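Below: one structure, written as structure tokens.
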Amino acid sequence: MPQLSSFFQKNQFCILVEYLTSLNEIFAVKTAFAGYPAVMTLADRVHSDHDMAPLEASKRYPNSVEKVLHFAGKGRDIQDFELFLQQAKAANINNLLLLTGDKLKEHHDGKDGAERSRYLESVNAVMAAKQFGGFCIGVAFNPFKYVEAERDAQYLKLHKKIKAGADFIITQLGYDIDALKQVKAFLKRHHYAQKILACVMPLSLARANFMVKNKVAGIVITPHMLKVLADEKQAGLSERVYLRCALQILMCKQLGFAGVDLSACHKPEEQMLLESYIEQYRHLGLDALESLWMSLWKIKTGKEFIPELSSFSRQPSSSQMIKYYQLHLMHDALFDSKIAKGVGRFIFKAPFWERKAAAKTLLKTEFISKHSIVGCESCGHCRLGDTLYICPETCPKGLANGPCGGTSLDRCEFGDRECIHSVKARLAKAVEQTQVLKEKLIPTVPIEVRGTSSWKNWYLATEV
Ligand code: SF4
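Per the working numbering: the sequence shown ends with 468, consecutive numbering throughout.
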């Protein structure tokens, strides 16, 4: 059995030491960290869109080194992923962390004639990896969301990731221990057996400033945290960065996490410092660790890790509700009823539709009738019935199964709109359809289907 699965099975707390392939170095790989078993993880395109692929980087290390490879869906499609699975298997890789990924640095929105950048959703990657078989599959989850719809959308998608076949979960990097406790409670409440690990990083002032300045997707650093770090630096107490990281690791262990993903701690001197703090404080119980953590972060009200809340609506507007009900009625009548399916199939089976001109006219008619109402982009496989009539193509990453982790207070990672998945989660609650967002695994759209009529595709694929 692969080592990571065996650590999980034996409830052995483990440390995943994360390396960036952009560093272009060969690292001394640790198999133990402060007495806990350690595993190497290789991140995918964190620094640039052209970083060395994790699979390539993994070949620099012997097969005996246990590794977790990240695969980010940004700029990839399902065929790329299927090829990756074959290559990973051939290279004896057993553990994967499947992510949608943050915004490509060279993202194209498709408006200037260049092809629109595509993002393979983590849910679809998990489904494909599960079907391929033989991998221990990890997914990412961001519990650090502070408005209701955004948080609901994250948790709804976590249900889907688990349903699709995730074996373990790694949280986004974050410092709010209450949010980590909430996700643990969620797993328990739903009787999910998946193991969960927390991403941790020794947070220096420079790193925190970098993340704020570059708006690193999905990471919450509050002004209070920056002030604490700045004061410490000025007082010559910068080593507390490692003490704090050690406390967080020890708290995660006591909270029942299966381990941590240790980020930005690859230099031997940093690792030694962190290990020495873990040794020094590992005898403490959870209460003592938490109280030390709170005093180091100067926590008084508990709100210090929470960003200032924004002003998006807490309820769907009446026009959103009316639109939903109208489209729902129409969808049922035109696409879901037995009669509609029979008539549609009869019409579209006619050889007439094979003609280029007819296909073009049909596509244009579909686009005109749907674009102004839902923002249709002629993807060829209409998913509106599974997305509460909010077109997934209006998400700049084209995600259909739910949000990525990069939103901030309901705002899309791209910064130019409200996240459509927050809108959807809010609407789902109001029209009592959250079950759809929790359970319906929406397949990815094959490239060859894009730019064809979804109407024709629907009727011809459907059983009458
Ligand atoms: S899901 Fe596809 S076919 Fe349906 S509205 Fe969106 S782009 Fe158009």
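Even glycine gets a Cβ: it sits at the ideal position worked out from N, Cα and C.
These numbers come from a predicted model, not from an experiment.
1) Measure the Cβ-Cβ separation of residue 98 and residue 31 and say whether it is below 8 Å.
2) Compare the Cα-Cα distances from residue 447 to each of 313, 164 and 295 and report the closest residue.
3) Please state whether DSSP places residue 246 in a helix, a strand or coil.
4) Sorry if obvious, but does the Cβ on residue 444 come closer than 7 Å to a heavy atom of the ligand SF4?
5) Could you pull the DSSP bridge partners for residue 405 from this structure?
6) Given this structure, state the Cα-to-Cα distance separating residue 66 from residue 187, to the nearest angstrom.
7) With a 10 Å radius around its C-beta and 16 neighbouring C-beta atoms as the bar for buried, classify residue 218 as buried or exposed.
8) Please list, in chain order, all residues of the same chain as residue 204 whose beta carbon is under 8 Å from its beta carbon, the five residues on each side excluded.
9) Count the other CB atoms, across all protein chains shown, that sit within 10 Å of the CB of residue 146; report buried if there are 16 or more and exposed otherwise.
10) Given a cut-off of 8 Å on the beta-carbon distance, is the pair residue 80 and residue 124 in contact?
11) Taking Cβ to Cβ, would you say residue 441 is nearer than 8 Å to residue 460?
12) Taking only heavy atoms of the ligand GDP into account, decide whether any of them is closer than 7 Å to the Cβ of residue 209.
13) With distances taken Cα to Cα, identify the nearest neighbour of residue 220 among 14, 410, 15 and 312.
14) Just to confirm the assignment, what range does the alpha helix (DSSP H) spanning residue 292 have?
15) Give the single residue among 439, 436 and 381 whose Cα lies nearest to the Cα of residue 115.
16) Return the CA-CA distance between residue 236 and residue 306, expressed in angstroms with no decimal places.
17) Residue 418 to residue 356, Cα distance in whole Å?
18) Just the Cα atoms here: how many angstroms apart are residue 242 and residue 8?
19) Can you look up residue 81 in the DSSP assignment and give me helix, strand or coil?
20) Identify which residue in 72, 422 and 310 has its Cα closest to the Cα of residue 93.
21) Flag residue 373 as yes when its Cβ comes closer than 7 Å to any non-hydrogen atom of the ligand SF4, and as no otherwise.
22) Taking Cβ positions, are residue 3 and residue 426 nearer each other than 8 Å?
23) What residues are listed by DSSP as bridge partners for residue 412?
24) Which of the three DSSP states, helix, strand or coil, is assigned to residue 146?
25) Closer than 7 Å: is that where the CB of residue 452 sits relative to any heavy atom of the ligand SF4?
26) My assumption, with CB atoms under 8 Å, is that residue 319 sits in contact with residue 434. Please give the rounded CB distance.
27) Does the beta carbon of residue 381 fall short of 7 Å from some heavy atom of the ligand SF4?
28) In angstroms, rounded to a whole number, what distance separates the CA positions of residue 208 and residue 258?
29) Is the separation between the beta-carbon of residue 151 and that of residue 141 shorter than 8 Å?
30) So, at 6 Å on beta carbons, what are the nonlocal neighbours of residue 358 in its own chain, with the 5 sequence-adjacent residues on each side left out?
31) Name the one or two DSSP bridge partners that residue 200 has.
32) Applying the criterion that 16 or more other CB atoms from any shown protein chain within 10 Å of the CB defines a buried residue, is residue 182 buried or exposed?
33) Assuming residue 342 and residue 463 are in contact, meaning their beta carbons sit under 8 Å apart, how far apart are those beta carbons, in whole angstroms?
34) In chain order, what residues of the same chain lie with their CB nearer than 6 Å to the CB of residue 338, ignoring the 5 residues before and after it?
35) Quick check on residue 163: does DSSP put it in helix, strand or coil?
36) For residue 259, which of helix, strand or coil comes out of DSSP?
Let me lay it out:
1) no
2) 164
3) helix
4) no
5) Bridge partners of residue 405: none, in fact.
6) 35 Å
7) exposed
8) 177, 249, 252, 253, 256, 264, 265, 266 and 267
9) buried
10) yes
11) no
12) The model on display carries the ligand SF4 but not the ligand GDP.
13) 410
14) 290-300
15) 381
16) 20 Å
17) 43 Å
18) 33 Å
19) coil
20) 72
21) no
22) Not covered by the structure: residue 3. The range shown for the chain is 5 to 468.
23) 415
24) coil
25) no
26) 7 Å
27) yes
28) 24 Å
29) no
30) none
31) 173
32) exposed
33) Wrong, their Cβ atoms sit about 12 Å apart, outside the cutoff.
34) 344
35) helix
36) coil
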